[in-house]
Every structure is written in structure tokens, then in C-alpha cells.
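For reference, the structure discussed in these notes is given below.
Written as C-alpha cells, this is what we have:
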């Protein structure tokens with residue numbers, strides 16, 4: 001028995017150590033896996049992904065008002081809230097945000113807000129007719145922070161559209177937790 | 001021997017349990033790892049990533065016709081098909097899609113189609129000259145579903161360009177499997 | 001003792017094998033984990049993520065000149081260099097790049113450059129006023145390759161803006177290591 005037990009233990013320890021550290025001769029006893037896995041598996045076991053769109057066009061949106069994307073293509077974890085356009089970060093981490101604004105009355109800019117502070121901004125042009133503008137920013141966000149897209153302008157128009165009627169076009173707001181921290 | 005075997009077994013079980021569950025005192029015997037790992041490692045072991053671009057400009061594209069991006073920057077797994085512009089999902093999961101359309105004859109919209117049904121739409125402006133418009137949507141797609149970008153308009157123009165000649169500009173279509181489900 | 005040791009060894013081997021291969025009855029001894037994990041954990045243990053923005057507008061940018069995004073929203077690993085606008089890939093892998101250019105004097109195109117070679121290009125329109133244009137490309141990049149966004153045009157204008165003053169708008173350049181290869 002002794003020989004087989006040691007052989008199997010050696011193999012198990014080798015495989016596990018290789019997997020966790022990428023090296024041979026890992027000292028498993030000295031491995032703090034709970035620290036190691038933070039930010040690795042968490043994001044995968046509890047994915048945080050949302051992709052929302054504006055279903056109805058909205059006019060006369062005032063300065064500093066949140067753009068509400070009332071529908072979602074997907075909302076894993078339900079951390080984006082369609083009733084007010086706010087995403088609440090469930091964990092501290094690195095998030096990628098992308099938003100597309102279709103507009104058509106005057107130019108303005110949009111701000112990616114985190115708990116009331118602008119963290120990125122984008123320009124929404126008005127070349128004399130309807131235009132579309134997209135932006136992406138990857139930022140760190142703390143657990144429970146509120147994240148939204150806000151207008152910097154006055155009395156602005158943001159297009160929405162249903163998905164079933166293809167002729168319509170949608171303003172969107174998406175977010176992905178890339179990694180916990 | 002006994003003492004050493006138990007010590008090493010304890011360590012191995014602790015490390016593996018910590019890694020898989022994020023907790024101490026995991027009961028390995030009760031762990032259904034095959035279920036746990038679904039959606040975790042699969043997407044990483046068999047990545048599904050494509051990024052395609054239009055090489056040649058195309059005019060007179062009719063309503064409901066698929067935009068064909070004839071070349072790829074990358075096509076891991078070869079699930080995007082350059083011959084018809086269609087991506088066939090190899091697994092059920094959450095996919096991020098991004099597309100950029102450069103156009104210049106009239107405005108229209110594009111639809112992200114899944115098996116014939118529009119799942120998202122975007123506006124392609126015409127401010128009197130060439131313009132560029134990008135969109136992103138994250139959606140769930142079933143295994144074997146066909147995904148493509150389609151025109152809602154009539155007789156539309158979509159620009160393409162080779163990569164080697166820098167002055168040209170490219171319409172693109174990219175997709176990433178974020179997670180299996 | 002014998003029975004307990006074998007029971008625990010069996011369980012540990014089963015769980016580890018299931019996790020690594022997704023199958024029961026894995027032969028751990030035959031598993032080359034160091035090869036298996038390449039491209040899996042590496043990208044997660046050492047994330048490579050940057051998201052940079054232009055803080056100050058710049059005019060008169062010449063043909064083939066790199067656009068310098070002087071600030072970062074985030075720069076995990078510090079592989080993007082604010083002093084010259086260049087990202088140096090720390091590992092060979094698949095990277096997603098996204099860039100948004102706000103401009104307003106004439107139309108031009110931008111090129112995603114890798115070690116001096118254009119790998120993707122995008123159009124930046126000029127509809128008679130300020131406009132914004134975004135693009136994404138996913139490409140394979142070799143370790144130590146230099147990646148940047150370059151202008152194809154002459155005497156071009158690229159907008160920047162501070163984050164604290166929301167009325168300003170930002171040109172951006174972001175990159176994510178999706179997977180090592």
C-alpha cells in the first residue's frame with residue numbers, strides 16, 4: 001500500500017500545484033489559495049454582465065439627468081436597474097462600460113458617472129440630423145457604487161427603439177465585470 | 001508513514017477545496033465539479049473569438065441583406081464564416097457583439113440578427129458625407145444559432161478597406177463568448 | 001487507516017480531474033497541466049488591461065504620427081505608456097483594442113499599428129463640425145510588440161478633455177488581454 005499511496009499523493013500534489021502556480025515543485029502547504037483566487041474565479045462564478053437599451057425615445061432631457069435605458073438584452077445578476085438607469089456594482093473590481101447614444105437635436109456630451117463623480121465623458125455630435133456616438137471606458141469601481149450615464153447639455157433628445165421593429169435604432173449602455181479586486 | 005500521508009492529504013484537500021469554493025473546510029466528497037465548472041473553464045479552454053472586417057466596399061445592398069465582412073483579424077475556433085458573414089454559435093452562452101459600419105450614401109439602420117430575429121439595432125447616419133457608427137450588444141445565444149448583421153434600408157453603401165493600405169477604412173464585426181450557460 | 005486514505009485519495013483525484021478536464025476517470029498522471037493552463041490562468045493572474053484618454057486637445061497632428069492619450073482611467077500592469085501613447089504587449093496573446101476619436105477639422109483615418117504595421121483602420125468623419133468615431137479590433141499580438149493608434153491624414157485635430165469637467169469630451173484608447181497564446 002505504502003508505495004501506491006505515495007505515488008498517488010505525489011501525482012495529485014504535482015497536478016494541483018502546477019495548475020495553481022504554473023510551476024513544478026510547488027509547496028502546497030505554503031499556498032494561500034483564498035488570496036490567490038480572489039479576482040480569478042469570483043468573477044466567473046458570479047458573472048456581472050448587463051447590456052441595456054433605450055426602448056422609447058425621450059426629448060427634453062435636462063442637464064445632469066440620468067439617461068434611462070428601460071430594457072435589457074441581458075442582466076446577469078440583476079445589478080442594472082431598468083427603473084432608474086443605475087448599475088450598482090456588487091463587488092469592487094475592474095469594469096468595462098460601453099455606451100452608444102443616438103441623438104438628433106443639438107450636440108452635447110455624456111458622462112460616465114460613479115457615485116456622482118464623472119469618470120469619463122463622450123461627445124454626442126449633431127451634424128444637422130440624427131447621429132450616433134459610442135464610447136468605452138474601463139475603470140475601477142467600488143462595491144455598492146452607483147454607475148450611470150448622464151447628460152451634460154440641456155433639453156437633449158435621445159433615441160430609443162424596440163428590438164422587434166428593425167427600423168428603429170437603440171441607444172445602449174453595457175457593462176462587464178472584468179475582474180474583482 | 002501514517003502521519004505524513006494524513007498531513008499531505010489534509011493539505012491537498014484544503015488547497016483544492018479553497019480553490020474551488022473559496023472557503024475553508026470544503027467537503028470535497030459532496031462537490032459536483034462537473035456542474036461547477038460549466039461556464040467557467042469551457043469558455044477558456046475553447047475560446048470563441050472573432051473579429052472580421054470588410055475588405056471591399058459594397059454598394060446597392062438591399063433591405064434585409066446580410067453584410068458580409070470577408071476577412072478576419074482573428075477567428076478562434078473558426079465559427080465566423082467569411083463566405084456569408086454568419087457566425088454560428090458553437091455553444092449556448094453569453095456573447096458580446098460589436099460592429100462598426102462606415103457608410104456614405106443615405107442613412108439606414110443595422111440589425112444584429114439571431115436565427116432570423118432582430119435582437120438589437122443601430123443607426124448609421126448620413127450627415128451628407130461618409131460617416132461611421134458603432135454599436136455593442138451583449139446577448140444570450142443558443143448553440144448552433146446563426147448570428148449576423150443585416151441592413152434595414154435599401155440600396156445602401158458599406159465601406160471596406162484593406163489593412164495594408166492605411167488610408168482605407170474598415171467596417172467591422174466582432175464577437176466574444178463571455179461565458180457558457 | 002488504509003480504507004480512509006484510499007477514500008480520500010479517490011475523492012481528491014476525482015474532484016481535481018473533473019475540474020481540469022471536465023470528465024470523470026481522469027488519469028492525473030498523464031496530465032500535462034503546465035501546457036493545459038497556458039492561456040487560462042495566466043491572463044487572470046496577471047491581468048493586462050488599460051484604458052487611456054486624451055486630456056488635452058491637440059491640433060496639427062501630422063501623417064503617421066501616434067496619437068498620445070496622456071492619461072489613463074486604468075492601467076493594470078502598466079504596459080500602456082502615457083508618455084508616448086504606446087502599449088507594449090507583455091505576453092503573446094489575443095488582445096481586444098477599442099478606440100474613440102473626437103475630431104473636428106477634416107476627415108481622416110486612424111490605424112491600429114503593431115510594430116509599425118497597420119493591422120486595422122477606422123474612419124474619422126468630418127460632417128462640417130465636431131464628430132466622434134469608434135472602432136474595435138481583436139488581434140493577436142506578440143510579446144514585446146508595440147501597439148499604438150496613428151493618424152493617416154495631415155494636420156489633424158484630436159479632442160481631449162479632463163474628466164472632472166464634464167462638458168469636455170475625451171478621445172480614448174483601451175486594450176484587454178483576452179487570452180494568452
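Residue numbers (the UniProt record's numbering), protein chains in the order written: chain E, 1 to 181; chain U, 1 to 181; chain G, 1 to 181. Ideal Cβ positions, reconstructed from N, Cα and C, are used throughout, including at glycine.
Whole-angstrom C-beta distance between residue 92 of chain U and residue 174 of chain U, which should lie under 8 Å
As a working note, residue 174 of chain U is residue 174 in the second chain. As a working note, residue 92 of chain U is residue 92 in the second chain. Between residue 174 of chain U and residue 92 of chain U the beta-carbon gap is near 20 Å, outside 8 Å, which marks them as no contact.
Within this structure, are the beta carbons of residue 120 of chain U and residue 55 of chain E separated by less than 9 Å?
For the purposes of this step, residue 120 of chain U is identified with residue 120 of the second chain, where counting begins at 1. For the purposes of this step, residue 55 of chain E is identified with residue 55 of the first chain, where counting begins at 1. No, the Cβ-Cβ distance between residue 120 of chain U and residue 55 of chain E is not below 9 Å.
Would a check of beta-carbon distances place residue 95 of chain E closer than 9 Å to chain U?
Position 95 of the first chain, counted from the start, is the residue given in the question as residue 95 of chain E. False, the Cβ-Cβ gap to chain U never drops below 9 Å.
Quick one: grab the DSSP three-state call for residue 18 of chain U.
Sequence index remark: in the second chain, residue 18 of chain U carries index 18 (1-based). Three-state result, residue 18 of chain U: helix.
Should the segment 154–165 of chain E be called in touch with the segment 66–83 of chain G, which here means at least 3 C-beta pairs below 8 Å?
No: the two stretches stay apart, fewer than three of their Cβ pairs being nearer than 8 Å.
At which residues does the beta strand (DSSP E) containing residue 118 of chain G begin and terminate?
One-based indexing of the third chain puts residue 118 of chain G at position 118. Per DSSP, the continuous beta strand (DSSP E) segment holding residue 118 of chain G begins and ends at 117–124.
Are the Cβ atoms of residue 155 of chain G and residue 134 of chain U separated by less than 9 Å?
As a first step, residue 155 of chain G is located in the third chain; it is residue number 155 there, counting from the start. As a first step, residue 134 of chain U is located in the second chain; it is residue number 134 there, counting from the start. In this structure, residue 155 of chain G keeps its C-beta atom at 9 Å or more from the C-beta atom of residue 134 of chain U.
Taking the alpha carbon of residue 60 of chain E as the reference point, which residue from E:81, E:52 and E:108 has its own alpha carbon closest?
On the first chain, position 60 is the one that residue 60 of chain E refers to. Of E:81, E:52 and E:108, the residue nearest in Cα terms is E:108.
C-alpha gap between residue 43 of chain G and residue 16 of chain G, whole angstroms:
As a position in the third chain, residue 43 of chain G is number 43, starting the count at 1. As a position in the third chain, residue 16 of chain G is number 16, starting the count at 1. Note that residue 43 of chain G scores 49 on pLDDT, short of 50, meaning its location in the model is unreliable; the coordinates nonetheless yield the value given after this. Taking the straight line from one Cα to the other gives about 21 Å.
Inter-residue Cα distance where the pair is residue 8 of chain U and residue 7 of chain E:
What you label residue 8 of chain U is simply residue 8 of the second chain in a count that begins at 1. What you label residue 7 of chain E is simply residue 7 of the first chain in a count that begins at 1. Whole-angstrom Cα-Cα distance: 12 Å.
If you follow the beta strand (DSSP E) that residue 67 of chain G is part of, which residue opens it and which one closes it?
Taking the third chain and counting its residues from 1, one reaches residue 67 of chain G at position 67. Unbroken run through residue 67 of chain G: none, as it is neither H nor E.
Just to confirm before moving on: does the CB-CB distance between residue 98 of chain U and residue 146 of chain E stay below 9 Å?
For the purposes of this step, residue 98 of chain U is identified with residue 98 of the second chain, where counting begins at 1. For the purposes of this step, residue 146 of chain E is identified with residue 146 of the first chain, where counting begins at 1. Using a Cβ distance threshold of 9 Å, residue 98 of chain U and residue 146 of chain E do not count as a contacting pair.
Whole beta strand (DSSP E) runs in the segment 122–153 of chain U with 3 or more residues, listed along the chain?
Within the segment 122–153 of chain U, the beta strand (DSSP E) runs of at least 3 residues that lie entirely inside it are, in chain order, 131–141 and 146–152.
Return the residue from the list U:102, U:24, U:83 and U:18 that minimises the CA-CA distance to residue 168 of chain U.
Taking the second chain and counting its residues from 1, the one referred to as residue 168 of chain U is at position 168. When each option's Cα is compared against that of residue 168 of chain U, the closest is U:102.
Measure how close the beta-carbons of residue 90 of chain G and residue 127 of chain U come, nearest whole angstrom, since I'm counting them as under 8 Å.
The sequence position of residue 90 of chain G within the third chain is 90, counting from 1. The sequence position of residue 127 of chain U within the second chain is 127, counting from 1. So it is not a contact: roughly 41 Å between Cβ atoms.
Between the CA atoms of residue 112 of chain U and residue 172 of chain U - distance to the nearest angstrom
For the purposes of this step, residue 172 of chain U is identified with residue 172 of the second chain, where counting begins at 1. For the purposes of this step, residue 112 of chain U is identified with residue 112 of the second chain, where counting begins at 1. C-alpha separation (whole angstroms): 13 Å.
Just to confirm before moving on: does the CB-CB distance between residue 95 of chain U and residue 69 of chain U stay below 9 Å?
By 1-based counting over the second chain, the position of residue 95 of chain U is 95. By 1-based counting over the second chain, the position of residue 69 of chain U is 69. No.
Our contact map puts residue 176 of chain E next to residue 110 of chain E with C-beta atoms below 8 Å; I'd like the distance itself, whole angstroms only.
Working through the first chain from its first residue, we reach residue 176 of chain E at position 176. Working through the first chain from its first residue, we reach residue 110 of chain E at position 110. Contact doesn't hold; Cβ gap of about 19 Å is too wide.
Range of the contiguous beta strand (DSSP E) that encloses residue 111 of chain G
The residue you call residue 111 of chain G lines up with position 111 of the third chain. Here the beta strand (DSSP E) through residue 111 of chain G covers 108–114.
To which residues of the same chain is residue 143 of chain G closer than 8 Å at the C-beta, ignoring the five residues directly before and after it?
For the purposes of this step, residue 143 of chain G is taken as the residue at position 143 of the third chain. Once the five neighbours on either side are set aside, the close Cβ partners of residue 143 of chain G are 89, 90, 91 and 92.
I need the DSSP call for residue 52 of chain U, collapsed to helix, strand or coil.
By 1-based counting over the second chain, the position of residue 52 of chain U is 52. Residue 52 of chain U: strand per DSSP, three-state reduction.
For residue 172 of chain G, name the three-state secondary structure that DSSP assigns.
Residue numbering aside, residue 172 of chain G sits at position 172 when the third chain is read from its first letter. Strand, per DSSP.
Thinking just about the alpha-carbon of each residue, which of U:105, U:139 and U:51 is nearest to the one in residue 57 of chain U?
In the second chain, residue 57 of chain U corresponds to position 57, counting from 1. Of U:105, U:139 and U:51, the smallest CA-CA separation from residue 57 of chain U is found for U:105.
Against residue 98 of chain E, what residues of chain U qualify as contacts under a CB-to-CB distance less than 7 Å, listed in chain order?
Here residue 98 of chain E is taken as the residue at index 98 of the first chain, counted from 1. The answer, in chain order, is 136.
Assign residue 13 of chain U to buried or exposed, taking buried as 16 or more other Cβ atoms, counted over all protein chains shown, within 10 Å of its Cβ.
Locating residue 13 of chain U in the second chain gives position 13, where the first residue counts as 1. Under this definition residue 13 of chain U is a buried residue.
Could you work out which residues of chain E lie near residue 5 of chain U, taking near to mean beta carbons separated by less than 9 Å?
Numbered from its first residue, the second chain carries residue 5 of chain U at position 5. Those are 2, 5, 6 and 9, listed as they occur along chain E.
Could you list the residues in the segment 21–32 of chain E with a C-beta less than 8 Å from some C-beta on chain U, going in chain order?
Answer set for the segment 21–32 of chain E: 28, 29 and 31.
Between the CA atoms of residue 148 of chain G and residue 66 of chain G - distance to the nearest angstrom
Here the question's residue 66 of chain G lines up with position 66 in the third chain. Here the question's residue 148 of chain G lines up with position 148 in the third chain. Straight-line measurement puts the Cα of residue 148 of chain G at about 7 Å from the Cα of residue 66 of chain G.
Three-state secondary structure (DSSP) at residue 10 of chain G?
On the third chain, position 10 is the one that residue 10 of chain G refers to. Reduced to three states, the DSSP call for residue 10 of chain G is helix.
From the DSSP output, read off the bridge partner residues of residue 2 of chain U.
Stepping through the second chain from its first residue, residue 2 of chain U is reached at position 2. According to DSSP, which records beta bridges pairwise, residue 2 of chain U is partnered with nothing at all.
Apart from the five residues just before and just after residue 118 of chain U, which ones in its own chain have a Cβ nearer than 6 Å to its Cβ?
By one-based count along the second chain, residue 118 of chain U stands at place 118. Correct list, in chain order: 111.
Residue 93 of chain G, DSSP secondary structure in three states:
Sequence index remark: in the third chain, residue 93 of chain G carries index 93 (1-based). Strand.
For residue 178 of chain U, the nearest candidate out of U:25, U:48, U:5 and U:27 (CA to CA)
As a working note, residue 178 of chain U is residue 178 in the second chain. Distances from the CA of residue 178 of chain U to each of U:25, U:48, U:5 and U:27 were compared; the closest alpha carbon is that of U:48.
Measure the Cβ-Cβ separation of residue 11 of chain U and residue 20 of chain U and say whether it is below 9 Å.
Within the second chain, residue 11 of chain U is the residue found at index 11, counting from 1. Within the second chain, residue 20 of chain U is the residue found at index 20, counting from 1. Going by C-beta atoms, residue 11 of chain U is not nearer than 9 Å to residue 20 of chain U.
Between G:23, G:18 and G:129, which has its C-alpha nearest residue 28 of chain U's C-alpha?
On the second chain, position 28 is the one that residue 28 of chain U refers to. G:18 is the residue among G:23, G:18 and G:129 whose C-alpha sits nearest the C-alpha of residue 28 of chain U.
Which partner residues of residue 156 of chain E appear in the DSSP bridge assignment?
For the purposes of this step, residue 156 of chain E is taken as the residue at position 156 of the first chain. Answer by DSSP bridge pairing, in chain order: E:61.
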